[in-house]
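Notes for the one structure printed next.
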Amino acid sequence: MIIRKSAALTLSLSILLVTGCKLSENAQKSADNSQLAAQNSTNLLDLNQNAYGDGRQGGSRERRENALTSMERATSLESKMVSAASYFSAMEYQLFKNEGFREDNSEKRARLQSEGISEFLKIQKDYAKPSLDADPVTGNAPELRNSLGRPEYLNALALAGALHKISERQIEAAKRYRFTVQSPLDLFAQALSSKTAVEGSPASLASAPTFVYEILRESRDSILLLELRANLMAGTALQVLGAEPVAVDTTTGELRIQASAVQLQDSIDRMKAAIQTILILNQGGITPRYFADVGQGIRAASAKLSAIPVAALEETKHPKLPKLREVQALVTKLAGAR
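Numbering follows our numbering, with no gaps: position 102 of the sequence shown is 95.
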């Protein structure tokens, strides 16, 4: 009886030992499988992140190329500016979302801004640009209307005019991840505002975003680009306003604001853009130059608008009067801009 119990006990112990070994083996296999699954998950994440990064980069490049092709095929300045705006919206930094890619961080965004600006400044060189220097033979300054009449100049003017474009995707991502929305024009403004410090100190240059270096390295082209923008915005503002925004009613003899509310607002928006660009140049210690016809037009408009007897208009309580006053102030500011 004792022998039978001992044999049974030995058998039970053997079973437990075998079972324990199997459990241990299964646990090790489970751990190995978990580690393999984790590694596979990491590999898959890397593949997805690389695919996202490559896709964003490739898609951005394709959109930029298509936008430039459309700009070159377009014939009017307005349609060229639409394509130029699409080009700036497709810069990869404007598509940056700070998600989905391990490298997406503030440093990565700064590199993308630098790459975008560097590419743009190289591309800008490929387009014929009107020089703002006086004609070496006649000594006369160039005219915007002549530039607007020459198709080879329109691409450079369209790109200058669309510098302020911001992608909706950048705006949405900035709200979610709380970074500052920046247009290409903002990047030029930041570079020129730090021009004195960066050019005078290697330490300041080293600590500045790399797009600042790219812009200041091509300072001549950067300045010309902004001068073209200022002239384009100021010149077209006067065109929109018309030669006679205010006239005398031949029947009643009263003053009448001929410019529509839409014309007045459009002109105001363009003049504000011109003044903003002039101030950016001023921050870099640069005095912008006007095309001959733009400068003459601004001075003539300033004289004409300042001669309007606003008191007579105030008596009529005309609803467009506040906008006319704003136009007067902006034209005066443009006339005195240096």
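Cβ atoms here follow ideal geometry from the backbone N, Cα and C, with glycine treated the same way. Just so you know, these numbers come straight off a predicted model, no measurement behind them.
Query: Given a threshold of 16 other Cβ atoms within 10 Å of its Cβ, counted over all protein chains shown, does Ser187 qualify as buried or as exposed?; Result: buried
Query: Report the rounded CA-to-CA distance for Ser299 versus Thr325, giving the unit in angstroms.; Result: 8 Å
Query: What number of angstroms, rounded off, separates the C-alpha of Gln321 from the C-alpha of Gln251?; Result: 15 Å
Query: Does the separation of the CB atoms of Arg220 and Pro281 fall below 8 Å?; Result: Reading off the sequence, residue 220 comes out as Glu, not Arg. The answer is yes: Cβ separation under 8 Å.
Query: Mind checking which residues open and close the beta strand (DSSP E) that includes Ile250?; Result: Leu248 to Ile250
Query: Per the DSSP calculation, Val191 is bridged to which residue(s)?; Result: The partner list for Val191 (beta bridge, DSSP) is empty, contrary to what the question assumes.
Query: What residues in its chain sit with their C-beta under 6 Å from that of Leu306, if we drop five residues either side in the sequence?; Result: Leu248 and Leu314
Query: Considering only the beta carbon of each residue, do Leu360 and Leu141 sit closer than 8 Å?; Result: As shown, the chain starts at -6 and ends at 331. That puts residue 360 outside it, with no answer to give.
Query: Are the CB atoms of Leu156 and Phe81 nearer to each other than 8 Å?; Result: yes
Query: Leaving out the 5 sequence neighbours to the left and right, which residues in its chain are closer than 6 Å to Gln87 when beta-carbon positions are compared?; Result: Ser160 and Gln163
Query: What residues are listed by DSSP as bridge partners for Val241?; Result: Leu248
Query: In chain order, what residues of the same chain have a beta carbon less than 7 Å from the beta carbon of Val287, not counting five sequence neighbours either side?; Result: Leu137, Asn224, Ala227 and Gly228
Query: I think Val233 touches Arg263, with their Cβ atoms under 8 Å apart; what is that distance to the nearest whole Å?; Result: 7 Å
Query: Round the Cβ separation of Leu209 and Val191 to the nearest angstrom and send it over; I've been treating them as touching at under 8 Å.; Result: 6 Å
Query: Can you tell which of Glu100, Met84 and Lys265 has the C-alpha that lies nearest to the C-alpha of Leu323?; Result: Lys265
Query: Should Ala294 and Ala134 be called a contact, given that it needs their Cβ atoms to be closer than 8 Å?; Result: no
Query: By Cβ distance below 6 Å, which residues in the same chain neighbour Leu147 in space, the five residues on each side in sequence not counted?; Result: Leu70 and Lys73
Query: Starting from the C-beta of Met258, find all residues in its chain whose C-beta is less than 7 Å away, skip the five residues before and the five after it, and write them out in chain order.; Result: Contrary to the premise, residue 258 reads as Gln rather than Met in this sequence. Cβ neighbours of Gln258 beyond the five flanking positions: Lys316.
Query: Taking all protein chains shown into account, do 16 or more other C-beta atoms lie within 10 angstroms of the C-beta of Asp119, making it buried, or fewer, making it exposed?; Result: exposed
Query: What three-state label does DSSP hand Met84 in the structure shown?; Result: coil
Query: Where does Arg124 fall in DSSP's three states?; Result: The sequence as given places Ser at residue 124; Arg does not occur at that position. Three-state DSSP puts Ser124 in coil, outside helix and strand.
Query: Could you please give the first and the last residue of the uninterrupted alpha helix (DSSP H) stretch that includes Lys115?; Result: Ser99 to Asp119
Query: What is the rounded straight-line gap between the Cα of Leu125 and the Cα of Tyr206?; Result: 24 Å
Query: Kindly list the residues whose CB is nearer than 7 Å to the CB of Thr131, restricted to its own chain and excluding five residues on each side of it in sequence; keep chain order.; Result: none
Query: May I ask you to report which of helix, strand or coil DSSP gives Asn91?; Result: coil
Query: Please check the pair Leu185 and Gln276, which I expect to be a contact at CB under 8 Å, by giving their CB distance rounded to whole angstroms.; Result: 5 Å
Query: Using DSSP with H/G/I as helix, E/B as strand and the rest coil, what is Gln175?; Result: coil
Query: How far does the alpha helix (DSSP H) with Glu136 in it extend, from its first residue to its last?; Result: Note, Glu136: premise wrong, no alpha helix (DSSP H); not H, not E.
Query: At 4 residues or longer, and completely inside the stretch 264 to 310: list those alpha helix (DSSP H) runs for me, N to C.; Result: 285 to 299 and 303 to 309
Query: Run through DSSP, which three-state label would Arg222 get?; Result: helix
Query: Out of Gln256, Ser215, Gln183 and Val241, which one is the CA nearest neighbour of Gly235?; Result: Gln256
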